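Enquirer:
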Amino acid sequence: MSFRLNIPVFLLVSSIFYPAISQAEYGDVLINNYSDEAGMRPVVFPHWFHRIRFRCKVCHADLGFKFEAGGNEINMLKIIDGEYCGACHNGEVAWSVENCDVCHSGKPGTPTQVHHSTTSKLFTLSSKKSKGDK
Amino acid sequence: MESLRKNISNLFLNRIALKVVCILLMLTTGSLHAAVEIQSGKSIYDVSCSGCHAAGVLEAPKLGSQTDWDAREKQGFDVLQKHALKGFKNMPAKGGNPALKDSEIVNAIKYMLAQSGFEQYKDKPLSKTKTKPAKKSAPKKIAKVKLKPSKNIRTSSANRFNRLMKPASELNLAPAKDGLHDPENEGTLLLQPPKQAFELLSSAKSGNRVDWVKSLENKEIFPRYDRLSDEIKPVVMDLNIVREVKGSMPNVVYPHKQHTEWLDCSNCHPAIFIPQKGANQISMASILLGQQCGVCHGKVAFPVSECRKCHSQKKNLKTGNK
């Protein structure tokens, strides 16, 4: 129990020494194709939350999401026209686009990635898609 | 005779001393327990309550906002407790987490009240132990003493057990603490903490620490197969494909069944796998690079560290031990 008392301190300390270490959920996709440039926080897509409610097929077959982080080149125009996220996030199936900061909630400057993926563990993130890299 | 009497009285005194020690011990451990209780109120809040009470979702009283809590607190603690345990308006019974014990809910309420400016709840768990105010400094000291060993564990990480493994308390962190979300963003506080969602699901050792296939089989989750309808059911294909593997590793049994529960045929065929026996060269190297099985496994489906989930068919090895 007393362990827990120290966790905030430990996290603080560890975040100073290992700024790259993030404890995010396995499968969380961070999408930063355009966000940094536009002065918005990048988008965090929580896979786990969505797979509790939908099977993979709904997004990856019916809605046409490619199996590639940042590979769908989603922008807000597509979303308000009912494509990609906008197929559900339209105020009918799920909450609508006015809740900007619920999706745009990532730390600014974070490159596009699938969080905790084997490939991102094996290789340092390439700058291929990380336009937001400093 | 005199010495016997002395002995007896000594024995008697010893017993009293023993009792005093016992009572003191009980008191100190009791107050220690209380210190632990406060902490568990916070940890319960972090996991099960913060989803709504951090941001005030659905008119939930916000942590830290005395005005939100004032009217509720005035109804009396028993009413608050009853509403939290049995549910009231938008507040689901036990915050929607029936696995929590009543005492844990009570601790969480006290924690939220204490954090929202109701000082009296800070001391409440301590007062249970019937220690006089003068003694209050004692439990603090004990709590500090108890902290020391764990501090040593943290600082002397060289000799720490399972140095490279994350303890359970550092898994499935709430969005504001996960290092990926911006804690300064208001929307971050609206997001559900993963632990809250995972508590009642079948657990696994890797990935999200959730066994998604089992959770679906056991009907712990009901993911839709259609964007709009709950009625449309997946077309499940029950066909196992056995792939023989070089060396001593067991053969791979690929189950279409579990995959078609989640996916459409077109997700894998023909772009990732040519639907023909012997047409696909698969290697662990390409999987690790995020190709073939690695398109999902190692990104969102269980990672490659779960060797035995795929390599599951025993071989009859000539020289191998069975």
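Chains D and W are the protein sequences, given in the same order. 1 is the number of the first residue of the first sequence in my numbering; add one for each residue after it. 1001 is the number of the first residue of the second sequence in my numbering; add one for each residue after it. Backbone N, C-alpha and C fix where the C-beta goes; we use that ideal spot for every residue, glycine too. Note that the coordinates shown come from a computational prediction; the quantities given were computed from them, not determined experimentally.
Please report the residue range of the alpha helix (DSSP H) in which Leu1201 of chain W lies.
Expert: No alpha helix (DSSP H) holds Leu1201 of chain W; DSSP gives it neither H nor E.
Enquirer: Note down, in chain order, all residues in the segment 1185–1213 of chain W with a beta-carbon under 9 angstroms from any beta-carbon belonging to chain D.
Expert: Here the close residues are Asn1185, Glu1186, Gly1187, Thr1188, Leu1190, Leu1191, Gln1192, Pro1194, Ala1197, Phe1198, Leu1201, Ser1206, Gly1207, Asn1208, Arg1209, Val1210 and Trp1212.
Enquirer: Run through DSSP, which three-state label would Gln1120 of chain W get?
Expert: Note: Gln1120 of chain W maps to helix in three-state DSSP.
Enquirer: Leaving aside the five residues before and after Leu1200 of chain W along the sequence, list all residues of the same chain whose C-beta is less than 7 angstroms from its C-beta, in chain order.
Expert: Excluding sequence neighbours, Leu1200 of chain W sits near Ala1099 and Glu1220.
Enquirer: For Tyr1225 of chain W, which residues of its own chain have a beta-carbon under 8 angstroms away from its beta-carbon, when the five flanking residues on both sides are left out?
Expert: Around Tyr1225 of chain W: Ile1232, Lys1233 and Pro1234.
Enquirer: Here's the rule I'm using: 16 or more other beta-carbon atoms within 10 Å means buried, otherwise exposed. How should Gly1064 of chain W be labelled?
Expert: The residue in question, Gly1064 of chain W, is exposed, as its Cβ has fewer than 16 Cβ neighbours within 10 Å.
Enquirer: Leaving out five residues on either side along the sequence, give the residues of the same chain with a beta carbon under 7 angstroms from the beta carbon of Leu1113 of chain W.
Expert: Excluding positions up to five away in sequence, the list reads Trp1069, Glu1073 and Tyr1121.
Enquirer: Anything in chain D within Cβ reach of Lys1299 of chain W, meaning under 7 angstroms, just list it in chain order.
Expert: The answer, in chain order, is Gly27, Val114 and Ser117.
Enquirer: Under the DSSP definition of a beta bridge, which residues are partnered with Ala113 of chain D?
Expert: This sequence places Gln at residue 113 of chain D; Ala is not what is there. BP columns for Gln113 of chain D point to D:Leu30.
Enquirer: Since Glu1202 of chain W contacts Arg1209 of chain W with CB under 8 angstroms, what's their CB separation in whole angstroms?
Expert: The residue you asked about is not Glu; residue 1202 of chain W is Ser in the sequence shown. Not confirmed; about 10 angstroms, so no contact.
Enquirer: Can you tell me whether DSSP reads Met40 of chain D as helix, strand or coil?
Expert: Looking at Met40 of chain D - three-state DSSP - the assignment turns out to be coil, as it is neither helix nor strand.
Enquirer: For Asn1251 of chain W, which three-state DSSP category applies?
Expert: Looking at Asn1251 of chain W - three-state DSSP - the assignment turns out to be strand.
Enquirer: How big is the Cα-Cα spacing for Ala87 of chain D and Gln113 of chain D?
Expert: Roughly 23 angstroms separates the two Cα atoms.
Enquirer: Starting from Arg1243 of chain W, trace the beta strand (DSSP E) both ways and give me its first and last residue.
Expert: Segment Asn1240 to Arg1243, the beta strand (DSSP E) holding Arg1243 of chain W.
Enquirer: Helix, strand or coil for Arg51 of chain D, going by three-state DSSP, please let me know.
Expert: Of the three classes helix, strand and coil, the one that applies to Arg51 of chain D here is helix, per DSSP.
Enquirer: Cβ closer than 9 angstroms: which chain D residues qualify as neighbours of Tyr1225 of chain W?
Expert: Those within 9 angstroms of Tyr1225 of chain W in chain D are Phe54, Arg55, Lys57 and Val58.
Enquirer: Suppose contacts are defined by Cβ-Cβ distances below 8 angstroms. Is Leu1272 of chain W in contact with Val1295 of chain W by that definition?
Expert: The amino acid occupying residue 1272 of chain W in the given sequence is Ile; Leu does not appear at that position. Yes, the Cβ-Cβ distance between Ile1272 of chain W and Val1295 of chain W is below 8 angstroms.
Enquirer: Is Pro96 of chain D close to chain W? Criterion is C-beta to C-beta, closer than 8 angstroms.
Expert: Pro is not the amino acid found at residue 96 of chain D; the sequence shown has Ser there. Output row for Ser96 of chain D: interface = no.
Enquirer: Would you give the residue range spanned by the beta strand (DSSP E) that His104 of chain D belongs to?
Expert: Where His104 of chain D is concerned, there is no enclosing beta strand (DSSP E), given that its DSSP letter is neither H nor E.
Enquirer: Out of D:Leu77, D:Gly82 and D:Pro46, state which residue places its alpha-carbon closest to the alpha-carbon of Gly149 of chain D.
Expert: Within the shown structure, residues of chain D are numbered from 1 to 134, placing residue 149 of chain D beyond reach of any answer.
Enquirer: Measure the C-alpha to C-alpha separation of Lys121 of chain D and Leu1080 of chain W and round it to an integer number of angstroms.
Expert: About 47 angstroms.
Enquirer: Going by the CB atoms, is the gap between Pro1183 of chain W and Ala1176 of chain W shorter than 8 angstroms?
Expert: Closer than 8 angstroms, so yes.
Enquirer: For the beta strand (DSSP E) containing Ser1312 of chain W, list its first residue and its last residue.
Expert: Element bounds for Ser1312 of chain W: His1311 to Gln1313.
Enquirer: Please confirm if the segment 40–54 of chain D is in contact with the segment 1187–1197 of chain W, defined as three or more CB-CB distances below 8 angstroms between the two stretches.
Expert: The segment 40–54 of chain D vs the segment 1187–1197 of chain W: in contact.
Enquirer: Contact check, Ser117 of chain D vs His1181 of chain W under 8 angstroms by CB: the rounded distance?
Expert: That pair is no contact at about 18 angstroms.
Enquirer: Going residue by residue through the segment 1040–1122 of chain W, where are the continuous alpha helix (DSSP H) segments of at least 4 residues, counting only ones entirely within it?
Expert: If we require 4 residues or more, the alpha helix (DSSP H) runs fully inside the segment 1040–1122 of chain W come out as 1050–1053, 1066–1074, 1077–1086 and 1102–1115.
Enquirer: Within the same chain, show all residues whose beta-carbon is closer than 6 angstroms to that of Ser1286 of chain W, passing over the 5 residues directly before and after it, in chain order.
Expert: These residues qualify, in order along the chain: Gln1292.
Enquirer: For Ile1221 of chain W, which residues in chain D fall below 9 angstroms Cβ to Cβ?
Expert: Correct list: Arg51, Ile52 and Arg53.
Enquirer: Where does Met1165 of chain W land, buried or exposed, given buried means 16+ other C-beta within 10 angstroms?
Expert: Exposed, because fewer than 16 other Cβ atoms sit within 10 Å of the Cβ of Met1165 of chain W.
Enquirer: The ligand SAH and Ser1103 of chain W: does the residue's C-beta get closer than 7 angstroms to at least one heavy atom of that ligand?
Expert: Among the components modelled here there is no ligand, and therefore nothing to report on the ligand SAH.
Enquirer: Indicate the three-state DSSP secondary structure (helix, strand or coil) for Val1210 of chain W in the structure shown.
Expert: In the structure shown, Val1210 of chain W sits in a strand (DSSP, three-state: E or B).
Enquirer: Compare the C-beta of Cys1296 of chain W with all C-beta atoms of chain D and state if any pair is closer than 8 angstroms.
Expert: Yes, contact with chain D.
Enquirer: Start and end of the alpha helix (DSSP H) containing Trp1262 of chain W?
Expert: From DSSP, the alpha helix (DSSP H) with Trp1262 of chain W extends over His1256 to Trp1262.
Enquirer: Under 8 angstroms between beta-carbons, which chain D residues line up against Ser1266 of chain W? List them in chain order, please.
Expert: Here the neighbours are Ala61.
Enquirer: Where do the N-terminal and C-terminal ends of the alpha helix (DSSP H) with Ile1287 of chain W fall, by residue?
Expert: First-last of the alpha helix (DSSP H) with Ile1287 of chain W: Met1284 to Leu1288.
Enquirer: Chain W beta carbons: is any one of them nearer than 8 angstroms to that of Phe67 of chain D?
Expert: Chain W contact via Cβ: present.
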